[in-house]
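Report on the structure given below.
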Amino acid sequence: AGNTTAAIGKGFAIGSAVLTALALMTAFSQRVGLAAVDVVPTRGINFVIPGILFGTMLPFIFSALTMLAVGKSAQSIIQEVRRQFREIPGLMEGTANADHARCVAISTTAALREMVLPGFIAIITPFIVGIGFGAEALAGLLIGAISSGFLLAVNMANSGGAWDNSKKFIEAGGGDLGGKGTPIHAAAVTGDTVGDPFKDTSGPSLNILIKLTSIVALVMAPAFRRDFQKEYWWIALIVFTASTIFVTLWCLWLKKKELPMDVPDSAMAKEHHEEHEMAEQPRSRRGGRRHRHRQLLDSDHV
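For the sequence shown, the numbering used here gives the first residue as 422, with consecutive numbering after it.
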């Protein structure tokens, strides 16, 4: 019930964001003196269609970056939790307290660090398109971003909630699907792993994207008049080059800060393989495998 209610509420939230973005886009068109947008050019070069296509692509790039941010932040938390289990005496037995503040600090730092690049792209893109290709191209960008952002956000909210509900439905024993410990449940857990950032991170963040791009376009509207980009297109080229250098350096810096992916070693991978084989073998043949499984659990692999 909670996920369903949240999905419905997020639909209303993205709807209100779309209405706000449309109002901002109307104010932008009035500010730059753009009475109509010619999709099919009658003379000269028209960048409306390229602007629409690039604006349609923008929410997908933004969502991909936020999904990657969630995965990297979660990996940092996993590494810290395993470090505490390994280094704090008595934590596995429940006789010692974990360092919760350290986990919160890692999560907060990772969230702020990973959101720099998506936020920078959302702010700088309208400026580069407006300066380099004119007000009509920027209007096309806003149209594409609002349209695809709305549909993608609704899809993420609904599909993420559906994945989460399916996992809970299987765990509750509904539908005669076997419950926990079955391949169906493992598949549902994988879906929920994707569904949580879908409905809680990438979907709601698209509200900010479509409103932020419209606000930037409105604030910078005096620089986007039709006669501006013809003389000062080199400004857009300079900004684009500087932005590319910044993004490259930032990605290289993040790569150095990024922790290595936590891949199970060969013994742990063999243990998981033994578990799946035990589930498929008859009960009479599980004795030896159960003994080896206990040996693996008693080993030093955590």
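For glycine and all other residues, C-beta sits at the position ideal for the given N, C-alpha and C. The structure presented is a predicted model; accordingly, all values stated were derived computationally and were not measured.
For residue i, which residues in the same chain have their Cβ closer than 6 Å to its Cβ, ignoring the five residues on either side in sequence?
i: V453; result: A556, A642, F645 and R646
i: L639; result: L445, A448 and F449
i: F468; result: F554 and A558
i: M488; result: P618 and S623
i: A428; result: A578, N579 and G582
i: A609; result: S587, K588 and I591
i: T603; result: none
i: L633; result: A543
i: V550; result: A558, L559 and L562
Under the three-state reduction of DSSP, which class applies to residue i: helix, strand or coil?
i: I509; result: coil
i: A438; result: helix
i: M536; result: coil
i: F468; result: coil
i: V491; result: helix
i: M577; result: helix
i: M478; result: helix
i: V460; result: coil
i: D585; result: helix
i: K678; result: helix
i: T516; result: coil
i: A593; result: coil
i: L563; result: helix
i: K601; result: coil
i: M641; result: coil
i: G430; result: helix
i: L658; result: helix
i: G612; result: helix
i: G555; result: coil
i: G454; result: coil
i: D721; result: Because the pLDDT at D721 is just 45, under 50, the model does not fix this residue reliably, and the value given afterwards should be weighed accordingly. Note: D721 maps to coil in three-state DSSP.
Short of 8 Å in beta carbon distance, which residues of its chain neighbour residue i, apart from the five on each side in sequence? Order them along the chain.
i: T425; result: G582 and N586
Determine the contact status of residue i and residue j, defining contact as a CB-CB distance below 9 Å.
i: G472; j: G570; result: no
i: A566; j: L479; result: yes
i: V637; j: F548; result: yes
i: A438; j: L627; result: yes
i: L673; j: L538; result: no
i: S580; j: A532; result: no
i: F483; j: I542; result: yes
i: D613; j: K588; result: yes
i: K678; j: R504; result: no
i: S664; j: I499; result: no
i: T516; j: S635; result: no
i: M536; j: A490; result: yes
I'd like the list of long-range same chain contacts for residue i, defined as Cβ closer than 7 Å, with 5 residues on each side in sequence excluded.
i: L474; result: G565
i: G476; result: G561, L562, L563, I564, G565 and A566
i: V460; result: V469 and I470
i: D520; result: Q505
Review point. Are the stretch 590-599 and the stretch 507-526 touching by the rule of at least three beta carbon pairs closer than 8 Å?
Key: no
Review point. Taking contact to mean at least 3 C-beta pairs separated by less than 8 Å, is the stretch 560-578 in contact with the stretch 425-433?
Key: yes
Check your understanding: Do the stretch 612-621 and the stretch 522-539 meet, that is, are 3 or more Cβ pairs less than 8 Å apart?
Key -> no
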